[in-house]
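Using our numbering, you'd call the opening residue of the sequence shown number 1 and step up by one each time. We treat Cβ as the ideally placed atom computed from N, Cα and C, and that holds for glycine. Values in this document were obtained by computation on a predicted structure and should not be read as measured data. Here the structure comes first, spelled out in structure tokens, and everything after it is commentary.
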Amino acid sequence: MTEILASLPSAATAVSSAPKATDTLGKDAFLKLLVAQLKYQNPLAPTDSSAFMAQTAQFTTVEKLEQLTSQNAELLSTNRMLSATSLVGRAVVTTAADGTDSVGTVTGVRVTADGPVLKLGDREVPLAAVREVRSTAG
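Put into structure tokens, the structure is as follows:
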């Protein structure tokens with residue numbers, strides 16, 4: 001039997017190590033700070049217009065970065081699903097929680113909040129548990 005892929009890296013690990021949204025200053029907090037700064041500025045020495053424009057540009061940058069992060073998450077989710085569906089009909093070697101390996105043929109894919117789950121006969125395993133992919137069962 002020909003091995004197609006010696007190992008399948010887990011994208012879930014890369015995503016789980018990314019900082020959470022609550023760990024960073026979001027666009028709402030940034031906008032609140034900007035409004036507070038404008039509200040409490042000294043009327044005799046108002047904020048320089050170039051500084052205000054720089055802050056507005058920073059706000060736009062924060063907003064666009066949040067959109068980019070959201071789009072990247074959607075792309076990753078779609079990529080995982082495509083990877084999982086491409087395994088239908090193929091034999092895969094999976095590693096169980098206790099460290100034992102088993103071989104099974106992927107008969108279907110189910111999508112969960114945690115990512116795709118492969119159906120291997122009467123059992124289901126997460127895509128991240130796949131250690132090896134083979135061209136055919138047996």
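Proximity below 9 Å, CB of residue i to CB of residue j
i, j, result
"P116", "T85", "yes"
"R80", "L118", "no"
"R134", "V111", "no"
Cβ separation of residue i and residue j, assumed to be a contact under 8 Å, to the nearest whole Å
i, j, result
"F59", "L31", "6 Å"
"Q55", "L34", "6 Å"
"T139", "A91", "Because residue 139 is not part of the residues shown, which for the chain are 1 to 138, the question remains open."
"V62", "V88", "About 41 Å separates the two Cβ atoms, so there is no contact after all."
Residue i (DSSP reduced to helix, strand or coil)
i, result
"L87", "coil"
"L156", "Residue 156 cannot be examined here, being either before or after the span of the chain that is shown, 1 to 138."
"R62", "With the sequence shown as reference, residue 62 is identified as Val, and Arg is not the correct amino acid for it. V62: helix per DSSP, three-state reduction."
"L44", "coil"
"S50", "helix"
"D98", "coil"
"T78", "helix"
Distance, residue j Cα to residue i Cα
i, j, result
"A97", "Y40", "57 Å"
"D28", "L65", "13 Å"
"V125", "Q37", "52 Å"
"R123", "A57", "52 Å"
"L44", "S77", "52 Å"
"E132", "D101", "10 Å"
"L75", "S83", "12 Å"
"S50", "N42", "17 Å"
"P46", "Q71", "38 Å"
Spatially closest choice to residue i from the options, by CA coordinates
i, options, result
"A113", "A29, V103, A73", "A73"
"G99", "A36, L44, A129, Q37", "A129"
Near the ligand GDP: residue i beta-carbon under 8 Å from a heavy atom
i, result
"F59", "This structure does not include the ligand GDP; it has no bound ligands of any sort."
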